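Residue numbers for the sequence shown, in our numbering: 147 to 325.
Working notes, beginning with the structure itself.
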Amino acid sequence: MTTRSSSMAAVSALIFMILMIACITGVTQYGRSMVEQKSSTTVNAESTILKSTKTFGSHRKLLFHRDGAAAQVNRIWGDKCSKADIVINQGPTAPLPNGIPTYTVEIMNVCTTGCDISGIHMSCGWFSSARLINPRVFKRLRYNDCLVNDGKPLVNGRTLSFQYANTFAYPLSISSVVC
């Protein structure tokens, strides 16, 4: 019995030592460290990603804000409104019963000078949907030209939303507005 208990103690000590070494050095699985060591470039890249991808509320985790290359407008001497005052958020939602993915699009007027913006046109490629969209809310006029809110003003602070169904998400961006 003493040989068995001494061998059990030796095995337990060996397992304990292996676990300690694994915790100190980081365990690898499939050639990759399971304990992530963040380099300064990784931290900088992550903070850049976090700064450029904004999520809105815990209930909207999948709706990402696309900053794109939109320049901030200096309104001290500039125009009353611009394309940058319309923000588009798009994210996946539950698929249709037949399995086609669906996406929710939110179009917001975030004009800081209180302007109502009309004639909102979006670059939308060959936009199409397996789900019917109210044409007064969003419709494709021709290739890469979609009209929002039937051309009527989107009141300051308001959000227009719709859902579409397609096998992929369309890249949507504002192409022109009327102030």
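Note that the Cβ used here is the ideal one computed from N, Cα and C, for glycine as well.
The structure displayed is predicted, hence computed values, not measured ones.
- Taking the Cβ atoms as the reference, I263 lies roughly 6 Å from P299, within the contact range of under 8 Å.
- In this structure the region 302 to 311 touches the region 278 to 286; the number of beta carbon pairs closer than 8 Å is three or more.
- For G297, same chain residues with a beta-carbon under 7 Å away, outside a window of 5 residues either side, are S264 and G265 in chain order.
- For a cut-off of 8 Å, the C-beta gap from C270 to N290 is around 6 Å, short enough to register as a contact.
- Distance from I246 to A276 at the Cβ level is roughly 5 Å; contact confirmed, criterion being Cβ atoms closer than 8 Å.
- Per DSSP, I161 has no beta bridge partner at all.
- Between the beta-carbon of C227 and that of H267 there is about 14 Å, and that puts the pair past the 8 Å contact cut.
- Here DSSP, grouped into helix, strand and coil, assigns A311 to strand.
- Non-local beta-carbon contacts of G303 in its own chain, meaning distances under 7 Å to residues more than five positions away in sequence, involve N255 in chain order.
- Under DSSP, K285 shares a beta bridge with L293.
- Between the alpha carbons of L278 and G260 lies a gap of roughly 32 Å.
- By the beta-carbon neighbour count (other beta carbons within 10 angstroms, threshold 16), I232 is buried.
- Between the alpha carbons of A230 and V324 lies a gap of roughly 12 Å.
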